[in-house]
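Report on the structure given below.
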Amino acid sequence: MLAGASVYAYANARSRALRSFMLTPANYDTLLRARSLPMMIQTLLSMPAYSQYARELMQAKTPADLEAVLIKDYYDKVSRVSSWVPERNARQLLRTLSMRFDFDNLKLLLRAAVTKAEASEVTRLLVPSLRYPPDVAAKLAERASVDDVIASVWDSSLRSLLMEAKRAAEELKSPLPLELTVDRYMAELLWRQSQQLPEVSKQAVRHLLGVELDSKAILACLRAKALRAKAEDMELIVPKVRYRLGEDLEKAMRAATLNEAMRTLAEGSYSSVLRGSQSLSDVERRLTLYMIEVNKQVFIQYPFQLTVVIAFLNLKYYEVRNVRSIAIGKFYELPPNVIRGVIYHSIT
Numbered sequence: 019m020l021a022g023a024s025v026y027a028y029a030n031a032r033s034r035a036l037r038s039f040m041l042t043p044a045n046y047d048t049l050l051r052a053r054s055l056p057m058m059i060q061t062l063l064s065m066p067a068y069s070q071y072a073r074e075l076m077q078a079k080t081p082a083d084l085e086a087v088l089i090k091d092y093y094d095k096v097s098r099v100s101s102w103v104p105e106r107n108a109r110q111l112l113r114t115l116s117m118r119f120d121f122d123n124l125k126l127l128l129r130a131a132v133t134k135a136e137a138s139e140v141t142r143l144l145v146p147s148l149r150y151p152p153d154v155a156a157k158l159a160e161r162a163s164v165d166d167v168i169a170s171v172w173d174s175s176l177r178s179l180l181m182e183a184k185r186a187a188e189e190l191k192s193p194l195p196l197e198l199t200v201d202r203y204m205a206e207l208l209w210r211q212s213q214q215l216p217e218v219s220k221q222a223v224r225h226l227l228g229v230e231l232d233s234k235a236i237l238a239c240l241r242a243k244a245l246r247a248k249a250e251d252m253e254l255i256v257p258k259v260r261y262r263l264g265e266d267l268e269k270a271m272r273a274a275t276l277n278e279a280m281r282t283l284a285e286g287s288y289s290s291v292l293r294g295s296q297s298l299s300d301v302e303r304r305l306t307l308y309m310i311e312v313n314k315q316v317f318i319q320y321p322f323q324l325t326v327v328i329a330f331l332n333l334k335y336y337e338v339r340n341v342r343s344i345a346i347g348k349f350y351e352l353p354p355n356v357i358r359g360v361i362y363h364s365i366t
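Going by this note's numbering, the sequence shown opens with residue 19, and the numbers climb by one from there.
So, in structure tokens, the structure goes:
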């Protein structure tokens with residue numbers, strides 16, 4: 019075992035044990051075959067990953083009821099895993115990581131405020147989270163302006179960035195500058211926090227976070243190109259920190275069209291992932307599957323590092339999203355092949 023890695027030995031062992039209970043591709047196939055939402059919930063109840071929530075699941079009637087169980091389980095795992103990590107800076111990074119659903123909700127609320135979406139549609143998509151519990155989120159979804167949503171943000175640095183992005187959103191008549199600013203903020207915050215970790219953990223964590231940071235940068239660049247955003251707006255919403263990306267991203271940002279930017283990136287640092295991609299949504303799916311694969315590989319490549327704990331929480335986040343997508347699909351009686359197209363099978 020590497021010197022210093024023993025600090026995380028207990029957390030790693032417990033995280034690996036928890037991962038063994040996560041849903042498998044076969045489990046997802048079984049859930050997809052369920053004929054209705056009640057049958058899907060009953061099937062989930064029979065799986066070890068969620069059998070401890072038998073009482074709550076037996077009472078669940080809607081996707082929202084199921085979401086409450088999923089989020090309860092997610093935050094329980096976050097709390098347990100964090101308690102096993104003795105180092106303060108590492109715990110801080112895990113806390114930021116656990117705020118993914120807060121950031122997801124913030125992006126959704128910003129989008130709703132810009133597009134004037136119906137409150138009922140917005141609340142259906144929101145996930146219960148620590149910063150945006152159902153009552154707070156529902157009030158914001160019902161009548162909030164962009165300024166109101168920005169005022170609800172807990173961090174002054176993020177509020178300032180969003181106020182800058184608001185101008186671009188107004189000019190482009192799109193919520194994307196605001197949403198991408200949230201993505202950039204979280205990715206760069208995690209990167210900065212990783213620099214405070216002990217040296218023995220830093221390299222492995224940088225690899226994991228770096229791939230995600232680059233993925234955010236690629237998607238921000240391409241989405242901005244799709245909107246025909248100005249150069250100064252691109253600078254605002256594309257993360258400034260790079261991991262593997264370099265001149266390929268800069269060249270893509272200068273490209274005249276979306277297709278040219280996609281071709282440039284498909285020949286760059288992530289060519290093995292992006293080569294042959296046909297659309298922006300195809301790029302997003304490829305990058306997400308790649309990030310999931312990188313998180314899975316962590317359990318082999320960095321067996322004694324804090325990265326194992328981070329990878330477990332990342333994979334758990336995707337599991338929650340998968341089960342939620344299946345539940346919503348079953349509620350609206352969508353065909354299994356349609357639901358399958360929006361979930362990420364290769365988590366375990």
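Yeah, the Cβ is synthetic: ideal placement off N, Cα and C, and Gly gets one too.
Q) How many angstroms separate the CA atom of R177 from the CA atom of H225? A) One C-alpha to the other measures close to 28 Å.
Q.
Restricting to runs no shorter than 4 residues, where is the alpha helix (DSSP H) found entirely within the stretch 277-328?
A. 289-292, 298-319
Q) Using the C-alpha atoms, what's the distance from R109 back to E217? A) 16 Å
(Q) Could you give the first and the last residue of the continuous alpha helix (DSSP H) run that contains W172? (A) From DSSP, W172 is part of no alpha helix (DSSP H); its letter is neither H nor E.
Q.
Is Q60 near the ligand SAH - that is, is its Cβ less than 8 Å away from at least one heavy atom of it?
A. No copy of the ligand SAH appears in this structure; indeed no ligand is present at all.
Q: Return helix, strand or coil for A130, following the three-state DSSP convention.
A: In the three-state reduction of the DSSP assignment, A130 falls in the helix class, which pools H, G and I.
Q: Mind reading off the beta-carbon distance from Q211 to N332? Whole number of angstroms is fine, and I expect it under 8 Å.
A: No, Q211 and N332 are not in contact; Cβ-Cβ is about 15 Å, not under 8 Å.
Q: Could you have a look at E337 and say whether DSSP puts it in helix, strand or coil?
A: helix
Q) What is the rounded straight-line gap between the Cα of D201 and the Cα of F121? A) 8 Å
(Q) Taking only three categories from DSSP, how would you classify M65? (A) M65 falls in the coil class under three-state DSSP.
Q | Range covered by the alpha helix (DSSP H) that runs through E230 | A | 217-244
Q | Contacts around A52, its chain only, beta-carbon distance under 6 Å, and the 5 residues preceding and following it disregarded | A | M58, T61
Q: Would you kindly work out how many angstroms separate the C-alpha atoms of D166 and E136, rounded to a whole number?
A: Their backbone Cα atoms lie some 16 Å apart in a straight line.
Q) T48 by DSSP, collapsed to three states: which one? A) Three-state result, T48: helix.
Q) Under 9 Å between the Cβ atoms of V140 and A159? A) yes
Q: Taking the CB atoms as reference points, tell me whether V316 and V326 lie closer together than 9 Å.
A: yes
(Q) With H, G and I counted as helix, E and B as strand and the rest as coil, what does DSSP make of G264? (A) coil
Q: Kindly indicate which three-state DSSP category S33 falls into: helix, strand or coil?
A: helix
Q. Between the stretch 262-270 and the stretch 297-304, are three or more C-beta pairs nearer than 8 Å?
A. In the pairwise beta carbon analysis, the stretch 262-270 is classified as not touching the stretch 297-304: fewer than three pairs are separated by under 8 Å.
Q) Taking buried to mean at least 16 other C-beta atoms within 10 Å of its own C-beta, is V356 buried or exposed? A) exposed
Q | The alpha helix (DSSP H) enclosing Y362, as first and last residue numbers | A | Element bounds for Y362: n/a, residue is neither H nor E.
Q: Assuming R129 and E197 form a contact by the criterion Cβ under 8 Å, report the distance between their Cβ atoms to the nearest whole angstrom.
A: 6 Å
Q. So what does DSSP say about V140, is it helix, strand or coil?
A. helix
Q: Take L231 as the anchor and find which of K220, M252, W209 has the nearest alpha-carbon.
A: W209
**Q.** Nearest candidate by alpha-carbon position, reference P257, set S289, M204, Q214, L215
**A.** It is M204 whose Cα lies nearest to the Cα of P257.
Q. Whose CA, out of V87, A82, T80, K79, lies closest to the CA of S69?
A. Checking every option, the nearest Cα to that of S69 belongs to V87.
Q | For W209, three-class secondary structure by DSSP | A | helix
Q.
For Q323, count the other beta carbons within 10 Å of its own beta carbon; 16 or more makes it buried, fewer makes it exposed. Which is it?
A. By the Cβ neighbour-count rule, Q323 is buried, with 16 or more other Cβ atoms within 10 Å of its own.
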